[in-house]
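Heads up, the sequence shown is in the working numbering, so the first residue is 1 and it goes up one at a time.
For glycine and all other residues, C-beta sits at the position ideal for the given N, C-alpha and C.
Taking it in order: structure first as structure tokens, then the write-up.
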Amino acid sequence: MMTAPRAILFDLDGTLADTAPDLAAAVNLLRTARGLEPTAYEILRPTASAGARGMIGASFGLTPDDEGYLELRDGFFNNYEAAIAVHSRLFDGVPALLTGIEAAGLQWGVVTNKSKRFTDPLLPQIGLGHAACAISGDTTPHPKPHPAPLLEAARQLGVAPEQCWYAGDDLRDIQAGQAAGMLTIACGWGYCGSTEPQDWQADHLCQQPSELLDLLRAALAAGALAA
């Protein structure tokens with residue numbers, strides 16, 4: 001029987017919020033400043049969960065080990081910080097999902113690989129400022145797929161890791177959740193990178209936020225019947 005959680009943790013980019021438009025705008029500013037044509041949004045969007053690495057890789061063909069990457073990364077960060085929530089918004093169904101979690105008396109939080117520099121100003125601007133915890137990629141010594149950020153979130157919430165669910169739209173989210181001993185949910189409505197969510201071996205795959213809420217309600221009902 002699926003165990004009902006005491007808390008649900010979420011990735012941010014591509015899971016709770018559609019931040020790709022502002023990320024794409026930040027990298028395309030780098031291109032236009034160099035007299036280059038913008039990279040098509042359709043090319044950039046699937047890489048949004050990988051942040052600067054994904055955006056610069058898709059737009060300039062560079063990796064963090066390549067010469068010139070660091071200069072582009074710093075410029076990207078500055079561009080993004082200056083216009084972090086112009087077009088970003090919560091995915092359809094996410095507000096109702098969070099309301100349903102709260103109505104059930106459960107906590108929810110954010111665990112992202114985004115730097116605190118960006119997480120902290122972004123969350124309140126897109127309606128997530130009331131998260132019970134917000135763990136960034138530099139909150140612990142290791143970002144996802146290491147379990148450290150998820151374990152820190154559970155610690156801050158005062159909940160055992162095995163009593164948490166973790167939902168994300170990238171393979172590393174599922175790997176981090178599994179390593180932390182949490183039930184994992186692949187979010188098929190997100191960016192999902194270059195791999196298929198059904199191949200990630202998550203405990204559940206949801207194609208819409210409403211499906212995750214249905215899953216939670218079923219788990220809570222089963223737990224009540226077993227009590």
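What does a CB cutoff of less than 7 Å around residue i pick up in its chain, not counting 5 residues either side in sequence?
i    : result
S115 : S136, G137 and D138
A153 : L9, G109, V111, C133 and I135
L212 : L97, A167, I185 and C206
A227 : Interpretation of A227 is limited by its pLDDT of 48, a score under 50 that renders its predicted location unreliable; the figure taken from the coordinates is listed afterwards. Taken in chain order, the list of residues that qualify is empty.
Does residue i come out as helix, strand or coil in the three-state DSSP assignment?
i    : result
L9   : strand
R89  : strand
G168 : strand
V27  : helix
Q207 : coil
T119 : helix
D199 : helix
G57  : helix
A227 : A caution first: A227 carries a pLDDT of 48, below 50, which makes its placement in the model unreliable, though a value can still be read off. Of the three classes helix, strand and coil, the one that applies to A227 here is coil, per DSSP.
I101 : helix
L183 : strand
V159 : coil
G68  : coil
G51  : helix
A20  : helix
Might you give, ordered along the chain, the residues of its own chain that have their beta carbon closer than 8 Å to the beta carbon of residue i, omitting 5 neighbours on each side?
i    : result
D22  : Y80, A83, I84, A85, V86, H87 and S88
A24  : T39, Y41, L44, R45, A48 and M55
E102 : W108
On a CA-only basis, which of the options is nearest residue i? Give me that one, please.
i    : options                   : result
T15  : L36, G57, E102 and T184   : T184
A20  : A7, R34, G68 and F91      : F91
M2   : L44, P121 and C164        : C164
Y191 : L150, D203, D173 and A179 : D173
L106 : G158, F60 and L122        : G158
T119 : E102, R6, D13 and L98     : D13
H146 : A131, E67 and Q178        : Q178
W189 : L171, Q208, Q201 and D203 : Q208
L171 : A7, R6 and D11            : D11
Whose C-beta lies closer than 6 Å to the C-beta of residue i among residues of the same chain, with five residues either side of it excluded?
i   : result
A4  : A219, L220 and G223
A17 : S88, L90 and I126
Subject >> Meets three-Cβ-pair contact criterion under 8 Å: the region 195-202 and the region 57-71 >> reply: These segments do not touch.
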